[in-house]
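Peer 1: For the record, in the sequence shown the residue sitting at position 197 is 289 according to the numbering used here, with numbers rising by one throughout. Here a beta-carbon is modelled for each residue, glycine too, at the ideal position from N, C-alpha and C.
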Amino acid sequence: MTKSRTIRGVVAAEAALLVGAALLARRRPRAALVAVAGGVLAGWATFRPTSPIYGPVPARGPRDAPFAALTFDDGPGPSTPAILDALRAEGVRATFFVLGRQARQHPELVRRMRDEGHQIASHGYDHGILVWRGPRYVRGQLERAELAIEEAAGPGALTRVFRAPHGYRGPATWASVRAAGYRMMGWSRGVFDSANPGAGVVVARSAQALAPGCILLLHDADGWNPEALRDDTAAAIPGICAAARDMGIELVTLDELGA
Ligand SMILES: [Zn+2]
Numbered sequence: 093m094t095k096s097r098t099i100r101g102v103v104a105a106e107a108a109l110l111v112g113a114a115l116l117a118r119r120r121p122r123a124a125l126v127a128v129a130g131g132v133l134a135g136w137a138t139f140r141p142t143s144p145i146y147g148p149v150p151a152r153g154p155r156d157a158p159f160a161a162l163t164f165d166d167g168p169g170p171s172t173p174a175i176l177d178a179l180r181a182e183g184v185r186a187t188f189f190v191l192g193r194q195a196r197q198h199p200e201l202v203r204r205m206r207d208e209g210h211q212i213a214s215h216g217y218d219h220g221i222l223v224w225r226g227p228r229y230v231r232g233q234l235e236r237a238e239l240a241i242e243e244a245a246g247p248g249a250l251t252r253v254f255r256a257p258h259g260y261r262g263p264a265t266w267a268s269v270r271a272a273g274y275r276m277m278g279w280s281r282g283v284f285d286s287a288n289p290g291a292g293v294v295v296a297r298s299a300q301a302l303a304p305g306c307i308l309l310l311h312d313a314d315g316w317n318p319e320a321l322r323d324d325t326a327a328a329i330p331g332i333c334a335a336a337r338d339m340g341i342e343l344v345t346l347d348e349l350g351a
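Encoded structure:
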């Protein structure tokens with residue numbers, strides 16, 4: 093299910109709930125109010141990556157230490173080598189939320205992430221959205237990604253950290269992820285590099301977002317289009333690293349950040 097279909101589905105469910113509540117309101121106004129409040133809260137929580145309604149998702153590290161983390165979702169893809177080159181030139185290690193499907197396409201890049209000291213985490217197998225999905229589907233996404241990543245880079249290459257596609261969750265997501273032995277991870281700020289706004293804009297937004305404990309969301313590929321390029325993101329890395337250095341912030345992996 094695509095992002096837009098998921099959003100339309102939740103909006104339709106909310107609309108149906110409002111109609112039902114309106115019908116109920118004359119006879120049982122309090123019950124109608126509770127239904128509307130619960131429904132609005134559930135809908136809000138679905139699209140709010142760090143809302144605690146569907147379970148706690150860390151979105152930052154400690155604010156009192158001079159560290160922050162760069163995270164890259166959706167790869168590896170065609171721009172991942174340039175991103176790895178830029179990180180290596182800066183001497184910075186980051187965290188990659190890898191898709192299992194992409195690990196099958198580019199196993200050599202997963203090995204390179206491992207060899208260059210980056211943290212490898214899971215973004216699921218094929219970017220399937222979890223909002224309407226039950227435990228079996230969530231477990232399948234995690235297991236298939238795990239198999240692909242470990243076949244590419246060996247056992248132990250994958251850390252048991254998971255970020256849901258778009259951060260969208262449903263009632264079954266958090267417990268299923270925990271039951272599979274993973275912890276969920278969000279982000280402090282996204283810079284919307286997916287829209288390819290130009291490297292200068294990606295640098296400016298990142299510099300504005302960076303702060304102690306910040307987890308920055310970037311993309312080394314595209315969850316829906318495996319051929320899409322993220323050259324703006326690659327070109328922005330020297331500027332992002334320079335901005336962090338100017339602020340006295342060291343860029344580290346998520347495990348090192350302690351998020
Ligand atoms: Zn994604």
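1) Give every residue of the same chain whose Cβ lies closer than 8 Å to the Cβ of Y274, excluding the five residues on either side of it in the sequence, and list them in chain order.
2) Under the three-state reduction of DSSP, which class applies to A284: helix, strand or coil?
3) Taking only the alpha-carbon atoms, compute the straight-line gap between G216 and D166 and give it to the nearest angstrom.
4) Thinking C-alpha only, which one of L349, L346 and V295 is nearest D395?
5) What's the gap between the Cα of A240 and the Cα of P247?
6) Could you tell me the distance, in whole angstroms, from the CA atom of P289 to the CA atom of E243?
7) Put V149 into one of helix, strand or coil per three-state DSSP.
8) Between G135, D285 and P148, which has its C-alpha nearest D312's C-alpha?
9) Measuring only between beta-carbons, confirm whether G183 sits less than 8 Å from chain C.
10) Please report the distance separating the alpha-carbon of L310 from that of V283.
11) Ends of the beta strand (DSSP E) at V190?
12) Run the proximity test for P318: is its beta-carbon closer than 7 Å to any non-hydrogen atom belonging to ligand 1?
13) Less than 7 Å between C-beta atoms, sequence neighbours within five positions excluded: which residues of the same chain meet that for T98?
14) Beta carbon of G315: closer than 7 Å to some heavy atom of ligand 1?
15) Assuming P304 and F159 form a contact by the criterion Cβ under 8 Å, report the distance between their Cβ atoms to the nearest whole angstrom.
16) In the segment 202-255, which residue ranges form an unbroken beta strand (DSSP E) of at least 3 residues, counting only runs that do not cross its ends?
17) Once DSSP output is grouped into helix, strand and coil, what is the label at R322?
18) When the Cα atoms are used, what is the spatial distance from P150 to I307?
19) When every heavy atom of ligand 1 is checked, does at least one fall within less than 7 Å of the C-beta of H198?
20) For D314, does the count of other Cβ atoms within 10 angstroms reach 16, so buried, or fall short, so exposed?
21) Between H210 and ligand 1, is the CB less than 7 Å from at least one heavy atom?
22) Taking the beta carbon of R228 as the centre, do at least 16 other beta carbons fall within 10 Å, making it buried, or is it exposed?
Peer 2: A quick look at the data gives this:
1) Working through the sequence shown from its first residue, we reach residue 274 at position 182. Contacts found: S214, L234, R252, V253 and F254.
2) Taking the sequence shown and counting its residues from 1, one reaches residue 284 at position 192. In the sequence on display, residue 284 carries Phe and not Ala. Three-state DSSP puts F284 in coil, outside helix and strand.
3) Walking along the sequence shown from the start, residue 216 turns up at place 124. Walking along the sequence shown from the start, residue 166 turns up at place 74. Going from the Cα of G216 to the Cα of D166 covers about 9 Å.
4) Nothing in the structure corresponds to residue 395, since the chain is present only between 93 and 351.
5) Reading the sequence shown from its first residue, position 148 is the one you call residue 240. Reading the sequence shown from its first residue, position 155 is the one you call residue 247. Whole-angstrom Cα-Cα distance: 11 Å.
6) Indexing the sequence shown from 1 puts residue 289 at position 197. Indexing the sequence shown from 1 puts residue 243 at position 151. Roughly 35 Å between the two C-alpha positions.
7) Here residue 149 corresponds to residue number 57 of the sequence shown, with the count starting at 1. Looking at V149 - three-state DSSP - the assignment turns out to be coil, as it is neither helix nor strand.
8) Locating residue 312 in the sequence shown gives position 220, counting from the first residue. The candidate whose alpha carbon is nearest that of D312 is D285.
9) Going by chain labels, chain C is absent from the structure shown, which holds only one protein chain.
10) Taking the first residue of the sequence shown as 1, we reach residue 310 at position 218. Taking the first residue of the sequence shown as 1, we reach residue 283 at position 191. Straight-line Cα distance between these residues: approximately 7 Å.
11) Working through the sequence shown from its first residue, we reach residue 190 at position 98. Unbroken beta strand (DSSP E) run through V190: T187 to V190.
12) Sequence index remark: in the sequence shown, residue 318 carries index 226 (1-based). No, ligand 1 has no heavy atom inside 7 Å of this Cβ.
13) On the sequence shown, position 6 is the one that residue 98 refers to. Excluding positions up to five away in sequence, the list reads I221, V223 and Y260.
14) Translated into positions along the sequence shown, residue 315 becomes position 223. At least one heavy atom of ligand 1 is nearer than 7 Å to the Cβ of G315, so yes.
15) On the sequence shown, position 212 is the one that residue 304 refers to. On the sequence shown, position 67 is the one that residue 159 refers to. Here P304 really is in contact with F159; their C-beta atoms are around 7 Å apart, less than 8 Å.
16) 211-214 and 250-254
17) Taking the first residue of the sequence shown as 1, we reach residue 322 at position 230. Coil at R322, not helix or strand.
18) Here residue 150 corresponds to residue number 58 of the sequence shown, with the count starting at 1. Here residue 307 corresponds to residue number 215 of the sequence shown, with the count starting at 1. Whole-angstrom Cα-Cα distance: 10 Å.
19) Along the sequence shown, one-based indexing puts residue 198 at 106. Checking every heavy atom of ligand 1 against the Cβ of H198, none is found closer than 7 Å.
20) On the sequence shown, residue 314 is found 222 positions in, with the first residue counted as 1. D314 should be labelled buried.
21) Counting from 1 along the sequence shown, the entry for residue 210 is found at position 118. H210 Cβ: outside cutoff for every heavy atom of ligand 1.
22) By one-based count along the sequence shown, residue 228 stands at place 136. That one is exposed.
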